[in-house]
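Student: Just so you know, we're using UniProt numbering here: the sequence shown kicks off at 1 and counts up by one.
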Amino acid sequence: MRLAVVGSGPAAFYCIQRLIKKAKFPIHIDMFERHPLPFGLACMSKFIEIGKSLKNFYGNVLIGDLRKPLSHQTHIPLKRLCERYNSILLASGATGANKLHIHGSEHIVTSVDFVALYNTEPNDKNNVELIQKISKIKHVTIIGNGNVALDIARMLLKPKSELENTDINKGFLENLSNSINTVLIIGRKSIYDVQFTAKEIREITNINDVQIKLNKREIYPEPSVLSKSKKRVVDLLLSSASDASNIKKKTLEFKFMRVPKCVHKMNEHLTMSVGKYRNQNDILVPSGEHEHIETDLIISSIGYAQENIDTLIENSKITHPTGKLLTNDSHCMLYSAGWAKRGPSGVLASTMMDANITADAILEDMDKQLDHESKHDMLPINNYVNWESAIRIHRKEIENGAKYSRSEILSLANTINI
Numbered sequence: 001m002r003l004a005v006v007g008s009g010p011a012a013f014y015c016i017q018r019l020i021k022k023a024k025f026p027i028h029i030d031m032f033e034r035h036p037l038p039f040g041l042a043c044m045s046k047f048i049e050i051g052k053s054l055k056n057f058y059g060n061v062l063i064g065d066l067r068k069p070l071s072h073q074t075h076i077p078l079k080r081l082c083e084r085y086n087s088i089l090l091a092s093g094a095t096g097a098n099k100l101h102i103h104g105s106e107h108i109v110t111s112v113d114f115v116a117l118y119n120t121e122p123n124d125k126n127n128v129e130l131i132q133k134i135s136k137i138k139h140v141t142i143i144g145n146g147n148v149a150l151d152i153a154r155m156l157l158k159p160k161s162e163l164e165n166t167d168i169n170k171g172f173l174e175n176l177s178n179s180i181n182t183v184l185i186i187g188r189k190s191i192y193d194v195q196f197t198a199k200e201i202r203e204i205t206n207i208n209d210v211q212i213k214l215n216k217r218e219i220y221p222e223p224s225v226l227s228k229s230k231k232r233v234v235d236l237l238l239s240s241a242s243d244a245s246n247i248k249k250k251t252l253e254f255k256f257m258r259v260p261k262c263v264h265k266m267n268e269h270l271t272m273s274v275g276k277y278r279n280q281n282d283i284l285v286p287s288g289e290h291e292h293i294e295t296d297l298i299i300s301s302i303g304y305a306q307e308n309i310d311t312l313i314e315n316s317k318i319t320h321p322t323g324k325l326l327t328n329d330s331h332c333m334l335y336s337a338g339w340a341k342r343g344p345s346g347v348l349a350s351t352m353m354d355a356n357i358t359a360d361a362i363l364e365d366m367d368k369q370l371d372h373e374s375k376h377d378m379l380p381i382n383n384y385v386n387w388e389s390a391i392r393i394h395r396k397e398i399e400n401g402a403k404y405s406r407s408e409i410l411s412l413a414n415t416i417n418i
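1) Per DSSP, which residues does Leu19 bridge with? Please list them.
2) Would His292 be called buried (16 or more neighbouring beta carbons within 10 Å of its own) or exposed?
3) Is Ala361 buried or exposed, if buried means 16 or more other CB atoms sit within 10 Å of its CB?
4) Excluding the 5 residues preceding and the 5 following Ser273 in the sequence, name in chain order all residues of the same chain whose CB lies nearer than 7 Å to its CB.
5) Does the count of Cβ pairs from the region 183–190 and the region 127–135 closer than 8 Å reach three?
6) Tell me whether Gln195 sits in a helix, a strand or coil according to DSSP, three-state version.
7) Distance check for Asn400 and Ser407, CA to CA, integer angstroms please.
8) Could you tell me how far apart the beta carbons of Ile152 and Ile191 are, in whole angstroms, since I believe they sit closer than 8 Å?
9) Based on the DSSP output, what are the partners of Gly75 in its beta bridges?
10) For Phe32, is the classification buried or exposed, using 16 other Cβ atoms within 10 angstroms of its Cβ as the cut-off for buried?
11) Please return the same chain residues whose Cβ sits closer than 6 Å to the Cβ of Leu236, not counting the five positions on each side in sequence.
12) Along the chain, where does the beta strand (DSSP E) that runs through Ala4 open and close?
13) What's the call for Glu253, buried or exposed, on a 16-neighbour Cβ count within 10 Å?
14) Could you pull the start and end residues of the alpha helix (DSSP H) that Ser301 belongs to?
15) Let's test the definition: count the other Cβ atoms within 10 Å of the Cβ of Ala349 and tell me whether it reaches 16, buried, or not, exposed.
16) Out of curiosity, what's the CA-to-CA distance linking Glu121 and Asn169?
17) List the endpoints of the continuous alpha helix (DSSP H) containing Met155.
18) Excluding sequence positions up to five away, which residues of its chain have a Cβ less than 8 Å from the Cβ of Ser229?
19) Rounded to whole angstroms, what's the CA-CA distance from His331 to Cys82? Just pull it up for me.
20) Just to confirm the assignment, what range does the alpha helix (DSSP H) spanning Glu129 have?
21) Would you check if there are 3 or more beta carbon pairs closer than 8 Å linking the region 2–17 to the region 87–103?
22) How far does the alpha helix (DSSP H) with Glu49 in it reach, from first residue to last?
23) Closer than 6 Å by C-beta to Ala4: which residues in its own chain qualify, once you throw out the five before and the five after it? Chain order, please.
24) Identify the residues that DSSP records as bridge partners of Lys261: which are they?
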């Protein structure tokens, strides 16, 4: 039996681990990853060991006819995999960004693009303009009350000296403006609905010369039902915050119950109009008031989004909880796991349990196909990174970053040429 795995994050490796452990027949497993290197959002030593059981690893290969390949990237429609594999596992995550559909949204940078910028994700985008803009900004507005919004705020407020020994993009770091004095986080929900943790707030409060600011008069009384973890977050925010500016150099300000309405650009400065909400019997309703926010950069951090990668699965339905996709092509056995299956939610533990369910469904269906002829044709692929090369690139980055903690290779072309 032949299985193609699209994606190389935790869901993919957990699923492969289960297949290897439970299969009573040989399975030829090939993995396809759009980046040169595997592992996605988490790299664990067990994943490196599981990777050794792959028949082939094809890094720098983009699967799906609805996706636009980068230069130096090999592109393969999903249908070509169906012709050569008995089953296909889609574990490519949720790589898109939810976007605001408001007037002037073209002036808003998504958190997906911004994080990729300082995390040095290889791509063909011309980020020079944005990197140079960072050197001049003083005020940043982040839309969203999740952990990614807080991570971005922490990155912008930390002293450059504390970031030098990390694998942050060095061009981003060089241009990171010491003049940034205010990061404003706004969200449509209340302080009782924030999605970050007390630990993440402490990481902000531990930064020298940064104050947390919010208008406590806007905080309505605590709801009757509030979890202990959420109460810790609220208490920590309120105890750490002040209503007015003090002598500290930088400010992280929170404004809750605000909804962006439109954005206008004048020269290099932005004005965002937001509608204010109020609490009415524990339900947030428009107050009829509006507020104008003057800022230099707006970043939206309102969640990841699943992207449709191929016309073959454009109108497919996932049969939960197995992750099997029902398509119009009966010859293509498609399955999904992780964020590609359930959307951008859950932690590693839930990802593993979810992947095990999908793996069991794959094994059950493969067992029924054992009497059928297995597919053997190899897919001709050029310009890809194999498993050995991927590990070599990983070690090269560690070598380059010996004087830091790790230095990532900035160019996709340079990466695949190592």
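Even glycine gets a Cβ: it sits at the ideal position worked out from N, Cα and C.
Tutor: In short, the structure shows the following:
1) The bridge partners DSSP lists for Leu19 come to none.
2) Flag for His292 reads exposed.
3) Ala361 should be labelled buried.
4) Exclusion of the five residues before and after Ser273 leaves Lys261, Cys262, His290 and His292 as the residues of its chain whose Cβ lies within less than 7 Å of its Cβ.
5) The region 183–190 is not in contact with the region 127–135.
6) Note: Gln195 maps to strand in three-state DSSP.
7) In this predicted model, Ser407 has a pLDDT of only 49, less than 50, meaning its place in the structure is not dependable enough to derive any value.
8) That pair is no contact at about 19 Å.
9) The sequence given here has His at residue 75, not Gly. The partner list for His75 (beta bridge, DSSP) reads Leu62.
10) Of the residues assessed, Phe32 falls on the buried side of the cut-off, its CB having 16 or more other CB atoms within 10 angstroms.
11) Only Ala198 and Ile201 meet the Cβ criterion.
12) Per DSSP, Ala4 belongs to the beta strand (DSSP E) from Arg2 to Val6.
13) Buried.
14) Where Ser301 is concerned, there is no enclosing alpha helix (DSSP H), given that its DSSP letter is neither H nor E.
15) Burial is judged here by how many other beta carbons sit within 10 angstroms of a residue's own beta carbon; Ala349 has fewer than 16 and is exposed.
16) One C-alpha to the other measures close to 9 Å.
17) Met155 -> alpha helix (DSSP H) spans Asn147 to Leu157.
18) Excluding positions up to five away in sequence, the list reads Thr197 and Ala198.
19) C-alpha separation (whole angstroms): 7 Å.
20) Where Glu129 is concerned, the enclosing alpha helix (DSSP H) stretches over Val128 to Ile134.
21) As far as the Cβ criterion goes, the region 2–17 touches the region 87–103, which means the pair count is three or higher.
22) That run of the alpha helix (DSSP H) goes Ser45 to Gly51.
23) Cβ neighbours of Ala4 beyond the five flanking positions: Asp30, Leu81, Tyr85 and Ile88.
24) As computed with DSSP, Lys261 is found in no beta bridge at all.
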